[in-house]
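A.B. asks:
Chains as they are written, first to last, in my numbering: chain A, 600 to 714; chain B, 715 to 829.
Here it is in structure tokens:
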């Protein structure tokens with residue numbers, strides 16, 4: 600089954616404790632992206648990757664890191680989480696970047712609480 | 715700068731009625747793509763419909779259609795014969811040619827269908 604898999608689904612942590620949210624896709628997609636969703640703000644792009652070893656900042660990259668060492672994986676790293684990073688996070692992938700009908704497929708989401 | 719505006723935070727509609735969810739956008743790109751996603755209470759993001767800026771006809775996907783008015787920069791989602799299962803958050807999103815790797819979302823509209 601074609602899918603984007605995020606782990607964990609739920610995470611409670613404390614300020615300053617490094618964490619990684621994993622994302623994996625099995626569709627051989629070139630493009631992958633991370634979003635955070637906050638009430639009243641919709642989804643905001645954190646980082647995206649056009650292909651292996653190619654990553655770039657979205658609109659809200661501060662406090663986050665990513666890497667793309669393999670095509671299928673795109674982990675999100677919070678080196679020193681803070682309470683303002685409490686949010687719902689989504690990973691997504693599409694065949695490529697571009698304005699054509701590149702449908703993004705989303706993971707199930709990771710709900711993160713930073714105390 | 716690109717922007718998506720959804721002016722209806724919430725809507726109530728009677729079952730079986732048609733409903734229009736508003737989306738306006740701002741971009742200077744000559745080419746762009748517009749997407750609508752549905753997010754039910756379970757949290758997943760579901761792709762509904764796509765409209766390319768150069769598409770000659772308005773997009774349709776089953777009960778979903780997109781009322782695309784390029785001159786007004788609007789891309790309203792129309793759901794015909796609404797069903798209880800249509801109750802969800804709906805997001806409008808855009809990808810512009812000049813920054814096709816970046817995708818921006820609106821703040822969303824929460825649609826509630828009354829039986």
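The C-beta atom is built at its ideal place from N, Cα and C for all residues, glycine as well.
Output yes if chain A places a C-beta closer than 8 Å to the C-beta of residue 784 (chain B); else output no.
C.D. replies: By one-based count along the second chain, residue 784 (chain B) stands at place 70. False, the Cβ-Cβ gap to chain A never drops below 8 Å.
A.B. asks: Please state whether the Cβ-Cβ distance between residue 777 (chain B) and residue 793 (chain B) is less than 8 Å.
C.D. replies: Along the second chain, one-based indexing puts residue 777 (chain B) at 63. Along the second chain, one-based indexing puts residue 793 (chain B) at 79. For residue 777 (chain B) and residue 793 (chain B), yes; Cβs fall inside 8 Å.
A.B. asks: Express the C-alpha separation of residue 688 (chain A) and residue 633 (chain A) in angstroms, rounding to a whole number.
C.D. replies: Residue 633 (chain A) sits at position 34 when you count from the first residue of the first chain. Residue 688 (chain A) sits at position 89 when you count from the first residue of the first chain. Straight-line Cα distance between these residues: approximately 7 Å.
A.B. asks: Just to check my reading of the structure: residue 738 (chain B) and residue 719 (chain B) have Cβ atoms closer than 8 Å, yes? What is that Cβ distance to the nearest angstrom?
C.D. replies: The residue labelled residue 738 (chain B) in the question sits at position 24 within the second chain. The residue labelled residue 719 (chain B) in the question sits at position 5 within the second chain. Right, their Cβ atoms sit about 5 Å apart.
A.B. asks: Select from B:733, B:820 and B:786 the residue whose C-alpha is nearest the C-alpha of residue 749 (chain B).
C.D. replies: Position 35 of the second chain, counted from the start, is the residue given in the question as residue 749 (chain B). The shortest Cα separation from residue 749 (chain B) among B:733, B:820 and B:786 belongs to B:820.
A.B. asks: Using DSSP bridges, identify the partner residues of residue 641 (chain A).
C.D. replies: The count along the first chain starts at 1 and reaches residue 641 (chain A) at position 42. Its beta-bridge partners are A:637.
A.B. asks: Following the continuous beta strand (DSSP E) through residue 823 (chain B), name the residue where it begins and the one where it ends.
C.D. replies: Sequence index remark: in the second chain, residue 823 (chain B) carries index 109 (1-based). Its beta strand (DSSP E) spans residues 823–828.
A.B. asks: Applying a beta-carbon distance threshold of less than 7 Å, which residues of chain B neighbour residue 596 (chain A)?
C.D. replies: This structure does not reach residue 596 (chain A), given that chain A is present from 600 up to 714, and the question cannot be answered.
A.B. asks: So, residue 673 (chain A) versus residue 759 (chain B), is the Cβ gap smaller than 8 Å?
C.D. replies: On the first chain, residue 673 (chain A) is found 74 positions in, with the first residue counted as 1. On the second chain, residue 759 (chain B) is found 45 positions in, with the first residue counted as 1. Taking 8 Å as the Cβ cut-off, residue 673 (chain A) and residue 759 (chain B) do not qualify as a contacting pair.
A.B. asks: Count the C-beta pairs between the segment 659–674 of chain A and the segment 618–629 of chain A that are closer than 8 Å, then say yes if the count reaches three, no if not.
C.D. replies: With a cut-off of 8 Å, the segment 618–629 of chain A and the segment 659–674 of chain A count as touching, because enough Cβ pairs lie within range.
A.B. asks: Note down the Cα distance separating residue 663 (chain A) from residue 646 (chain A), rounded to an integer number of angstroms.
C.D. replies: In the first chain, residue 663 (chain A) corresponds to position 64, counting from 1. In the first chain, residue 646 (chain A) corresponds to position 47, counting from 1. So the two alpha carbons sit approximately 8 Å from each other.
A.B. asks: Just the Cα atoms here: how many angstroms apart are residue 682 (chain A) and residue 711 (chain A)?
C.D. replies: Here residue 682 (chain A) refers to the residue found at position 83 of the first chain. Here residue 711 (chain A) refers to the residue found at position 112 of the first chain. One C-alpha to the other measures close to 10 Å.
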